[in-house]
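S.K.:
Numbering (this note's numbering), first residue to last: 211 to 500.
Below, the structure is given as structure tokens:
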């Protein structure tokens, strides 16, 4: 069986520790703020997330860019030359052009290296939802699954990767066209916090609302309680927009209510954070549905 490498992108919001643990290669998406462009690396070498969120709170606007075809080619080609196969697990096509860039790169590289195996999966996931799917795929790889078996496992399980999240500042959803200006103003006045998820097409969808921050965090766990599978056995990921205390509170609720043993937290990186804003808390787990 040929050795294969998992390749993903930084929209997965995996920590440097997770990257080193899994051996996954992460291609950085880029973001521009104050007229300068930075790359979103797992080790935050270009910009610390706390600084990024402070800039957003101060009123700065950030824009983001997908991984392009050349980045995929430059990352995958040396591996193929070494005789390794490559499985790409890409950011949701419903939120970015990153997956489509991977498709074009795969077509180009297959012509040059017909003897190698090269696949790409549209995870339809984002942030640590994508990160959790990649992490679990890496565990399957370590267990001895072939590249085709890991690819098929990812395809079969990606729509069971539940994404539940809430935001603290409606301004960022308004700017992205997710809610109207009126909804943002009224919601802010009444302390209405939306509860959202990523649907089966990989799009961001509003599924509810709660009055106040604590209620919105509790709503994430309430939803998990209804849909989680094998809650005592699985690992759960939580990402946050520079609000670790709130993320830790959700983790504690999960441990006490559902008996989950392992919960991992990490920042939402600048690429996702530019659209979700500071104060976002997102919960990811395997469930009966998204």
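Idealized CB from N, CA, C, for every residue including glycine.
Bear in mind that the values here come from a model prediction, so they are computed numbers and not experimental data.
Cα separation between residue 340 and residue 254?
M.R.: Looking up residue 340 in the chain shown gives position 130. Looking up residue 254 in the chain shown gives position 44. One C-alpha to the other measures close to 18 Å.
S.K.: How far does the alpha helix (DSSP H) with residue 465 in it reach, from first residue to last?
M.R.: Counting from 1 along the chain shown, the entry for residue 465 is found at position 255. Unbroken alpha helix (DSSP H) run through residue 465: 454-468.
S.K.: What would DSSP say about residue 254, mapped onto helix, strand or coil?
M.R.: For the purposes of this step, residue 254 is taken as the residue at position 44 of the chain shown. If DSSP states are grouped into helix, strand and coil, residue 254 belongs with coil.
S.K.: To the nearest whole angstrom, what separates the beta carbons of residue 430 and residue 493, a pair I think is in contact under 8 Å?
M.R.: Against the chain shown, residue 430 aligns to sequence position 220. Against the chain shown, residue 493 aligns to sequence position 283. Confirmed, about 5 Å.
S.K.: Run through the DSSP bridge pairs and tell me what residue 279 is partnered with.
M.R.: Against the chain shown, residue 279 aligns to sequence position 69. Answer is none; residue 279 lacks a bridge partner.
S.K.: When the Cα of residue 375 is compared with those of 381, 366, 406, which residue comes out closest?
M.R.: If you number the chain shown from 1, residue 375 lands on position 165. If we check each option's Cα against that of residue 375, 406 comes out closest.
S.K.: Leaving out the 5 sequence neighbours to the left and right, which residues in its chain are closer than 6 Å to residue 396 when beta-carbon positions are compared?
M.R.: The residue given as residue 396 occupies position 186 in the chain shown. Reliability of the predicted coordinates at residue 396 is poor, the pLDDT of 49 falling under 50, and the value obtained from them is presented with this limitation in mind. For residue 396, where only same-chain residues beyond five positions count, there are no Cβ hits under 6 Å.
S.K.: Determine, for residue 306, whether the minimum Cβ-Cβ distance to residues of chain C falls below 8 Å.
M.R.: This model lacks chain C altogether, as it is built from one protein chain only.
S.K.: Nearest CA to the CA of residue 221: which residue from 275, 403, 214?
M.R.: Position 11 of the chain shown, counted from the start, is the residue given in the question as residue 221. Checked all of 275, 403, 214; the closest Cα to residue 221 is 275.
S.K.: Taking DSSP's pairing of strands, which residues face residue 404 in a bridge?
M.R.: Counting from 1 along the chain shown, the entry for residue 404 is found at position 194. Looking at the DSSP assignment, residue 404 forms a beta bridge with 419.
S.K.: In angstroms, rounded to a whole number, what distance separates the CA positions of residue 270 and residue 251?
M.R.: Locating residue 270 in the chain shown gives position 60, where the first residue counts as 1. Locating residue 251 in the chain shown gives position 41, where the first residue counts as 1. Each residue's alpha carbon lies about 21 Å from the other.
S.K.: Shortest alpha-carbon distance to residue 247 belongs to which of 262, 349, 362?
M.R.: As a working mapping, residue 247 is identified with position 37 in the chain shown. Here the closest residue by C-alpha is 262.
S.K.: When DSSP labels each residue in this structure, what does residue 471 get in the three-state scheme?
M.R.: For the purposes of this step, residue 471 is taken as residue 261 along the chain shown, with counting starting at 1. It is coil, neither helix nor strand.
S.K.: In or out: residue 474 buried (at least 16 other Cβ within 10 Å) or exposed?
M.R.: Taking the first residue of the chain shown as position 1, residue 474 is located at position 264. Buried, by the Cβ-count rule.
S.K.: Roughly how many angstroms separate the alpha carbons of residue 153 and residue 338, rounded to a whole number?
M.R.: With the chain represented from 211 up to 500, any question about residue 153 goes unanswered, as that position is not in the structure.
S.K.: Using beta-carbon positions only, say whether residue 294 and residue 344 come within less than 8 Å of one another.
M.R.: If you number the chain shown from 1, residue 294 lands on position 84. If you number the chain shown from 1, residue 344 lands on position 134. Against a cut-off of 8 Å, the Cβ pair of residue 344 and residue 294 comes out as no contact.
S.K.: What's the call for residue 483, buried or exposed, on a 16-neighbour Cβ count within 10 Å?
M.R.: Position 273 of the chain shown, counted from the first residue, corresponds to residue 483. Flag for residue 483 reads buried.
S.K.: When we look at the beta-carbon of residue 421 and count the other beta-carbons within 10 Å, is it buried (16 or more) or exposed?
M.R.: For the purposes of this step, residue 421 is taken as the residue at position 211 of the chain shown. Residue 421 should be labelled exposed.
S.K.: Using the Cα positions of residue 321 and residue 302, report the straight-line distance between them to the nearest angstrom.
M.R.: By 1-based counting over the chain shown, the position of residue 321 is 111. By 1-based counting over the chain shown, the position of residue 302 is 92. Approximately 25 Å, taken between the alpha carbons.
S.K.: According to DSSP, which residues form a beta bridge with residue 446?
M.R.: In the chain shown, the residue the question calls residue 446 occupies position 236. Answer is 473, bridged to residue 446.
S.K.: Using only the alpha-carbon positions, how far apart do residue 342 and residue 463 sit?
M.R.: Walking along the chain shown from the start, residue 342 turns up at place 132. Walking along the chain shown from the start, residue 463 turns up at place 253. Near 20 Å, if we compare the C-alpha coordinates of residue 463 and residue 342.
S.K.: Following the continuous alpha helix (DSSP H) through residue 375, name the residue where it begins and the one where it ends.
M.R.: By 1-based counting over the chain shown, the position of residue 375 is 165. From DSSP, residue 375 is part of no alpha helix (DSSP H) but of the beta strand (DSSP E) over 371-376.
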